[in-house]
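What follows is a set of notes on a single structure, which appears directly below.
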Amino acid sequence: MDTLILVLGFLSDPYHLALIVGGTFVGVLVGALPGLGPVIMIALMLPFVVRMDPVAGIALCGIVYCATTYGGSITAILINTPGTAAAAATTFDGYPLAERGEAGRALGVATFSSAIAGIIGIIVMIIATPLLARLAYQFGPAEYFALAVFGLSMLASISGQSMIKNFIGGAFGVLLATMGTDLTTGVERFTFDQAHLSEGIAVVQMMIGIFAGGELLRQATLTHVKRNIVAEAVARLPSREDFRRIWRTVLRATGIGTFIGILPAEGGTVAAMIAYNEERRWSPNRDQFGKGAIEGVAAPEAANNAATGGTMVPTLALGIPGGGSTAIILTAMLILGLRPGPQLFTEQPDLLAGLFGAMLGANICFLALGMIGARYFSRITLIPTTILWPAVFCLAALGSYSLQQSLFDVGIMLGFAFLGYFMRRHGYAPAPIVMGLILGELIESSLKQSYLIYDGNLFAILQQPIALTFLLLSLAGICGPFIARAAGGWREKQAAEMLRGDDD
Amino acid sequence: MSLNAPDPRAVDRQLLAESAVIMAVAAALFGVTFTFDRVPPVLAQGIQPAVFPRAVLVVLFGLAALQAIRALRVSPSDIAALKPVPLIVYLTGAVLIAFLVAMPLIGTFPTLILFCPALALLWGERRWRLMAFSFAGVIAFIYGLFRLIMNVPLP
Numbered sequence: 022m023d024t025l026i027l028v029l030g031f032l033s034d035p036y037h038l039a040l041i042v043g044g045t046f047v048g049v050l051v052g053a054l055p056g057l058g059p060v061i062m063i064a065l066m067l068p069f070v071v072r073m074d075p076v077a078g079i080a081l082c083g084i085v086y087c088a089t090t091y092g093g094s095i096t097a098i099l100i101n102t103p104g105t106a107a108a109a110a111t112t113f114d115g116y117p118l119a120e121r122g123e124a125g126r127a128l129g130v131a132t133f134s135s136a137i138a139g140i141i142g143i144i145v146m147i148i149a150t151p152l153l154a155r156l157a158y159q160f161g162p163a164e165y166f167a168l169a170v171f172g173l174s175m176l177a178s179i180s181g182q183s184m185i186k187n188f189i190g191g192a193f194g195v196l197l198a199t200m201g202t203d204l205t206t207g208v209e210r211f212t213f214d215q216a217h218l219s220e221g222i223a224v225v226q227m228m229i230g231i232f233a234g235g236e237l238l239r240q241a242t243l244t245h246v247k248r249n250i251v252a253e254a255v256a257r258l259p260s261r262e263d264f265r266r267i268w269r270t271v272l273r274a275t276g277i278g279t280f281i282g283i284l285p286a287e288g289g290t291v292a293a294m295i296a297y298n299e300e301r302r303w304s305p306n307r308d309q310f311g312k313g314a315i316e317g318v319a320a321p322e323a324a325n326n327a328a329t330g331g332t333m334v335p336t337l338a339l340g341i342p343g344g345g346s347t348a349i350i351l352t353a354m355l356i357l358g359l360r361p362g363p364q365l366f367t368e369q370p371d372l373l374a375g376l377f378g379a380m381l382g383a384n385i386c387f388l389a390l391g392m393i394g395a396r397y398f399s400r401i402t403l404i405p406t407t408i409l410w411p412a413v414f415c416l417a418a419l420g421s422y423s424l425q426q427s428l429f430d431v432g433i434m435l436g437f438a439f440l441g442y443f444m445r446r447h448g449y450a451p452a453p454i455v456m457g458l459i460l461g462e463l464i465e466s467s468l469k470q471s472y473l474i475y476d477g478n479l480f481a482i483l484q485q486p487i488a489l490t491f492l493l494l495s496l497a498g499i500c501g502p503f504i505a506r507a508a509g510g511w512r513e514k515q516a517a518e519m520l521r522g523d524d525d
Numbered sequence: 007m008s009l010n011a012p013d014p015r016a017v018d019r020q021l022l023a024e025s026a027v028i029m030a031v032a033a034a035l036f037g038v039t040f041t042f043d044r045v046p047p048v049l050a051q052g053i054q055p056a057v058f059p060r061a062v063l064v065v066l067f068g069l070a071a072l073q074a075i076r077a078l079r080v081s082p083s084d085i086a087a088l089k090p091v092p093l094i095v096y097l098t099g100a101v102l103i104a105f106l107v108a109m110p111l112i113g114t115f116p117t118l119i120l121f122c123p124a125l126a127l128l129w130g131e132r133r134w135r136l137m138a139f140s141f142a143g144v145i146a147f148i149y150g151l152f153r154l155i156m157n158v159p160l161p
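From first to last, the protein sequence lines stand for chains C and U. Quick note on numbering: the first sequence equals residues 22 to 525 in my numbering. Quick note on numbering: the second sequence equals residues 7 to 161 in my numbering.
Here's what the structure looks like:
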């Protein structure tokens with residue numbers, strides 16, 4: 022009840038309402054731009070957010086996160102180019118629908134599914150976050166260590182070319198977290214006699230570089246790509262027939278999206294792909310998938326928007342990011358001096374209520390904006406790359422500089438831009454590095470505390486039931502893909518033997 | 007190809023080279039950890055400052071070694087031939103570095119005025135009026151945001 026009053030209090034403030042409308046508008050615009058997504062947008066916003074009032078700053082991150090996730094669907098449907106990675110599955114059926122003159126119907130279903138799933142996801146977030154946070158009262162260093170290891174183990178299944186490459190990225194991120202002065206001993210590590218590195222790697226600048234800078238270098242090779250809007254259409258609300266066809270899909274995909282979102286490291290992209298595949302598997306219209314099935318638009322859109330609420334649950338309750346975007350939001354919280362966990366609910370109830378209210382407001386706002394203005398938002402994709410990306414770099418460079426007025430930080434941003442480009446080129450996704458960077462500090466500090474508590478016997482961690490559960494889950498997470506592959510190989514072998522038997 | 011046909015295996019040289027680079031970097035950084043100061047056991051609380059980074063580097067080396075082993079025996083269809091890095095990427099990188107060098111030398115806003123059209127021209131943009139209006143708007147926005155609203159002392 023208290024939370025509800027705080028949420029209503031947040032929403033009744035005209036400044037916050039302006040923040041919701043403005044943030045949603047910009048978020049949908051940015052989400053519609055291929056190449057820019059929630060991760061890059063929130064990373065670019067960090068230098069400004071950390072100067073804002075904490076409640077408004079974190080709320081703005083939440084608003085932009087919701088709005089950009091939805092915005093990706095507009096260009097996925099109208100120009101067959103997902104604005105965000107999470108909207109990639111929306112192109113499979115959204116674009117064929119637009120091609121056959123049903124763009125308005127597809128946009129309407131995408132907007133409606135996104136908003137409904139987003140709102141349900143946030144309601145789950147409001148309920149689940151305090152429950153999970155209460156569980157965190159039972160967590161000591163051993164449990165936090167195991168939880169952070171579990172978070173890293175989930176890198177096995179996030180998007181990317183290879184599990185090993187994801188783990189290499191994660192390990193590199195953990196290594197980056199060790200840079201700077203060791204807080205326990207005061208010893209400098211990997212600073213290479215650079216005073217600028219004594220406080221560790223500049224996290225914000227690193228994130229801006231690896232995401233926005235890396236993407237800029239990739240965009241340099243894509244300037245010849247011409248984008249054509251296949252149809253101009255005003256989104257329209259789903260008809261009674263469409264509603265009858267998609268309501269089960271939306272609910273199923275919302276469940277999948279929320280669950281996948283709650284798992285550490287997973288995010289909207291994985292949720293959308295799984296929801297799409299599951300829908301195609303179970304739908305009576307499965308033969309229509311890929312040709313313009315309306316369920317094929319509803320499922321990924323519902324899942325990726327439901328995941329926005331889900332990913333916030335472990336982020337706020339345990340300080341374990343639910344995905345790339347929430348890793349950056351978590352960084353903003355830490356810079357603002359906000360420590361996620363159960364104490365956040367007692368010490369900062371207005372912050373959480375603000376975030377809940379802002380995300381709810383953003384979903385309602387993009388429902389209205391999407392219905393009215395999807396055709397106009399899609400026009401932003403006509404901004405030439407040659408104009409957009411120099412402007413993005415200026416914001417990235419000056420944002421990096423502005424935090425500590427240091428050109429060294431701009432250099433760090435630039436260095437990570439090159440690293441980000443070459444990593445992506447060789448199939449190493451940047452998100453695991455950010456996950457490793459955030460979880461690395463937690464892993465080291467909790468390991469050291471456990472060492473002290475258990476008198477140097479680290480095997481005692483295995484005697485803690487919660488820690489043991491997380492470590493077993495980590496093992497399952499790492500081995501799962503191997504087992505699935507082995508099972509696939511075994512099935513193929515069996516099929517081959519059966520075929521041989523038939524030939525005989 | 008029938009299901010029971012033998013699967014020919016090949017070496018993924020690209021992946022092997024990547025793994026070798028990662029292993030070399032991990033080994034070099036492992037060497038750097040020996041330059042870390044040692045502290046009395048009481049202060050270190052049982053774990054010296056070099057222990058955790060070394061453990062991470064061993065994991066990193068192990069993962070890269072695992073990847074190298076995989077690279078020695080992959081299905082030819084899994085080997086993706088990587089095209090050389092396009093020249094435009096290097097040139098763009100050079101312009102970005104020039105931005106960093108120019109900022110303290112000639113000031114932020116002159117750098118922006120030169121950088122935006124330079125990058126756009128490099129990327130093939132030739133619509134002068136579009137560039138003039140767009141970049142004037144961008145630079146005015148940046149001036150308003152960083153100088154007037156955030157009051158950041160820019161070089």
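Here a beta-carbon is modelled for each residue, glycine too, at the ideal position from N, C-alpha and C.
| Item | Value |
| --- | --- |
| 8 Å Cβ cutoff met for threonine 90 of chain C and threonine 105 of chain C | yes |
| CA-to-CA distance, phenylalanine 193 of chain C to phenylalanine 36 of chain U, given in whole angstroms | 13 Å |
| Alpha helix (DSSP H) runs contained entirely in the region 57–127 of chain U, provided each spans 4 or more residues | 57–77 and 93–112 |
| Strand pairing of arginine 18 of chain C, partner residues [DSSP] | Absent from the structure is residue 18 of chain C, since the part of chain C shown begins at 22 and ends at 525. |
| Closer than 8 Å to chain U by CB, phenylalanine 232 of chain C | no |
| Within 8 Å, strictly: CB atoms of cysteine 122 of chain U and valine 144 of chain U | yes |
| Segment contact, 8 Å Cβ cut-off, at least three pairs: the region 89–104 of chain U with the region 68–75 of chain U | no |
| Boundaries of the alpha helix (DSSP H) in which arginine 153 of chain U is found, first to last residue | It is not in any alpha helix (DSSP H) - arginine 153 of chain U carries neither H nor E in the DSSP assignment. |
| Alpha carbon of methionine 354 of chain C to alpha carbon of arginine 360 of chain C, nearest angstrom | 7 Å |
| Identified DSSP bridge partners for alanine 16 of chain U | U:Val80 |
| Contained beta strand (DSSP E) runs [length at least 3] in the region 41–72 of chain C, N- to C-terminal order | none |
| Segment limits, alpha helix (DSSP H) that includes glutamine 309 of chain C | It is not in any alpha helix (DSSP H) - glutamine 309 of chain C carries neither H nor E in the DSSP assignment. |
| Spatial distance of alanine 417 of chain C from methionine 29 of chain U (CA atoms) | 32 Å |
| Which of helix, strand or coil DSSP assigns to arginine 44 of chain U | coil |
| Glycine 457 of chain C versus leucine 463 of chain C: straight-line alpha-carbon distance, rounded | 10 Å |
| The region 317–335 of chain C touching the region 267–279 of chain C, judged by at least three CB pairs closer than 8 Å | yes |
| Whole-number beta carbon distance between isoleucine 393 of chain C and alanine 177 of chain C, since they are thought to touch under 8 Å | About 42 Å separates the two Cβ atoms, so there is no contact after all. |
| Exposed unless 16 or more other CB atoms sit within 10 angstroms - verdict on methionine 7 of chain U | For methionine 7 of chain U, the pLDDT reaches just 44, beneath the cut-off of 50, and the residue's location in the model is therefore unreliable, although a value from the coordinates is still provided. Per the 10 Å Cβ criterion, exposed. |
| Spatial distance of proline 161 of chain U from methionine 109 of chain U (CA atoms) | 7 Å |
| Under the three-state DSSP convention, the category leucine 243 of chain C falls into | coil |
| With 16 other Cβ atoms within 10 Å as the buried cut-off, status of isoleucine 155 of chain U | exposed |
| CB-CB length for methionine 380 of chain C against isoleucine 231 of chain C, believed under 8 Å | The Cβ separation is near 26 Å, so there is no contact. |
| Under the three-state DSSP convention, the category arginine 126 of chain C falls into | helix |
| Exposed unless 16 or more other CB atoms sit within 10 angstroms - verdict on leucine 483 of chain C | exposed |
| Given 8 Å, three or more beta-carbon pairs between the region 133–141 of chain U and the region 469–482 of chain C | no |
| Under 8 Å from the C-beta of leucine 50 of chain U: neighbouring residues of chain C | In the sequence under discussion, the amino acid at residue 50 of chain U is alanine, which differs from the leucine named in the question. What alanine 50 of chain U touches in chain C: Thr205 and Thr206. |
| Beta-carbon spacing of tyrosine 422 of chain C, valine 431 of chain C below 8 Å | yes |
| Distance, leucine 78 of chain U Cα to isoleucine 401 of chain C Cα | 46 Å |
| CB contact below 8 Å: leucine 154 of chain U versus chain C | no |
| Cβ-based burial, phenylalanine 213 of chain C [other Cβ within 10 Å; buried from 16] | exposed |
| Tyrosine 165 of chain C burial status per 10 Å Cβ neighbour count (16 or more: buried) | buried |
| Buried versus exposed call for threonine 41 of chain U [16 or more other C-beta atoms within 10 Å across all chains shown] | exposed |
| Serine 81 of chain U burial status per 10 Å Cβ neighbour count (16 or more: buried) | exposed |
| Contact the region 72–86 of chain C vs the region 371–386 of chain C: 3+ CB pairs below 8 Å | yes |
| Alpha carbon of methionine 66 of chain C to alpha carbon of glycine 345 of chain C, nearest angstrom | 15 Å |
| Three-state class that DSSP yields for glutamate 220 of chain C in the structure shown | coil |
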